[in-house]
Amino acid sequence: MQIKVFSYLCAVALVAGCSEEHLPEDANGRELYNFHCAGCHQETGVGKFFAGIPANANTPMSSYEVVQLIQKGKQGKEGMPVFEQLTKREAILIAGYLKQLQP
260 MQIKVFSYLC AVALVAGCSE EHLPEDANGR ELYNFHCAGC HQETGVGKFF AGIPANANTP
320 MSSYEVVQLI QKGKQGKEGM PVFEQLTKRE AILIAGYLKQ LQP
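Just so we're aligned: the sequence shown equals residues 260 to 362 in our numbering.
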């Protein structure tokens, strides 16, 4: 029971730090990452270890996998919100920026 409560609280914390609004269409990967992702994963990509939010800088995931995770989610990563409102282009820009991000 305690694990379920902890998991729920982590999921709420994740969603609370993330936004569903859009930036202008010409926003770059850094701007999109900072707007949609940094609230949870930090601007540096180090995450929030004690809140259960993993680092995403230096991820071993491919850019394709990152885009899929952003737009569709992934089994085993239920705490990660799905950003269906982002266009494929926006998700690709975020993934590209993330691959360059160094903590």
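Beta carbons are placed, not taken as given, at the ideal position from N, Cα and C, and that holds for glycine.
Note that the structure is a prediction, hence the values are computed from the model and not measured.
- Residue pairing from DSSP places ILE312 in a beta bridge opposite LYS307.
- Judged by pairs of C-beta atoms under 8 Å, the segment 285-304 touches the segment 350-358, as three or more such pairs exist.
- ASN293 and GLU302 do touch by the CB rule: their CB atoms are close to 6 Å apart, below 8 Å.
- In the DSSP annotation of this structure, the continuous segment of the alpha helix (DSSP H) that includes ALA297 starts and ends at 297-300.
- In the structure shown, VAL326 falls within a helical segment according to DSSP collapsed to helix, strand and coil.
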